[in-house]
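Numbering (our numbering), first residue to last: 1 to 212. Backbone N, C-alpha and C define an ideal beta-carbon position, used for all residues, glycine too. Computed from a prediction, not measured in an experiment: that's the story for all the values here. Here's the structure, in structure tokens; my notes come after.
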Amino acid sequence: MKTTLATAIALASAACLAADIKLPEPNRAGGKPLNEALAARQTHRDFSPAPLTDQELSDLLWAANGFNRPEQKKRTAPTAVNRQEVDLYVCRADGAYLWDAASNVLKQVTTKDLRGSTGRMGSPENFALVAPIALVYVIDYERQGMQQRPQDAFKYASVDCGFIGQNVYLHCASTGLHTVFLGMINPQELSKGLGLPATRVPLFAQTVGHAK
Ligand SMILES: Cc1cc2nc3c(=O)[nH]c(=O)nc-3n(C[C@H](O)[C@H](O)[C@H](O)COP(=O)(O)O)c2cc1C
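Written out as structure tokens, the structure is:
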């Protein structure tokens, strides 16, 4: 019996690469009431370098775009035609990870620190290099499937990122974290660093961390 359990645990861990991170169950309750979070929502650019715990990261990602109705495979943020075309990458000093929302696993895609490709790029005062997390919003235009009308594809991709960004703003306001949504990104550097094919495009980023 002991051997069977040990084997099952070994197989389960082998399914997760060593550098992948299985996040704990997110908290789906607590935090400030909505109106208090709305009253507190704001952009901050002053960050502490203190890392987020795995629990804080799990809570943040679930609020951002987690499955709130898993039986219907639907999420905390709406998407046009329910295409769910936005992938969240978590960039940290130790590398970048694709968040798999269904398994709540961060899948490492590089050990490079890509945070400097967001924020005030090239500036020694780039807040994105101080904060522990840069979320990068990547559009999968194939999954979105609106290639025939590029203007619609871009419109819906942008607004879908905006909903996720506001979820992040409200979660941060509710839990006391600091955040800033960023159009200021280097998409070429991020695409290369994340190893993205031409059909997947980084559109926005969002810096998250503790208050300075
Ligand atoms: C689409 C969008 C792009 C933004 N891009 C940047 C950016 O590149 N750099 C930055 O410092 N702030 C950026 N911001 C944050 C805005 O500057 C900020 O929301 C605005 O000053 C209003 O402040 P508030 O969020 O505290 O209300 C962006 C916000 C939005 C909605």
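Could you check whether residue j and residue i sit closer than 8 Å to each other, using their CB atoms as the reference points?
i, j, result
"Leu61", "Leu88", "yes"
"Ala131", "Thr207", "yes"
"Met146", "Tyr156", "yes"
Assuming residue i contacts residue j (C-beta within less than 8 Å), just tell me the rounded distance between them.
i, j, result
"Gln108", "Ala205", "With a Cβ gap of about 18 Å, Gln108 and Ala205 do not count as contacting."
"Leu194", "Thr110", "7 Å"
"Ala40", "Val168", "Actually they are not in contact, since the Cβ atoms of Ala40 and Val168 sit about 14 Å apart, beyond 8 Å."
"Glu85", "Thr79", "6 Å"
"Val180", "Arg45", "5 Å"
Leaving out five residues on either side along the sequence, give the residues of the same chain with a beta carbon under 6 Å from the beta carbon of residue i.
i, result
"His210", "Ser48, Ala50"
"Arg69", "none"
Would you say the beta carbon of residue i is closer than 7 Å to some non-hydrogen atom of ligand 1?
i, result
"Phe258", "Coverage of the chain is limited to positions 1 through 212, which leaves residue 258 absent and any answer about it impossible."
"Arg45", "yes"
"Met146", "no"
"Met121", "no"
Apart from the five residues just before and just after residue i, which ones in its own chain have a Cβ nearer than 8 Å to its Cβ?
i, result
"Thr199", "Asp140, Tyr141, Glu142"
"Asp94", "Thr111, Asp113"
"Lys192", "none"
"Glu25", "Ser58, Asn104"
Please work out which residues of its chain come closer than 7 Å, Cβ to Cβ, to residue i, disregarding the five sequence neighbours upstream and downstream, and give them in chain order.
i, result
"Gly183", "Phe204"
"Leu106", "Asp20, Ile21, Leu23, Val90, Tyr97, Trp99"
"Thr3", "Here the model assigns Thr3 a pLDDT of 45, short of 50, so the residue's position is not dependable and the matter cannot be decided."
"Gln55", "Pro24"
* Asked: Can you list the alpha helix (DSSP H) stretches of 4 or more residues lying completely in the stretch 137–168, in chain order?
  -> 141–144
* Contiguous alpha helix (DSSP H) assignments of at least 4 residues, all confined to the stretch 42–91 -> Taking only runs of at least 4 residues, the alpha helix (DSSP H) segments lying wholly in the stretch 42–91 are 54–65.
* Whole beta strand (DSSP E) runs in the stretch 167–201 with 3 or more residues, listed along the chain? -> 178–182
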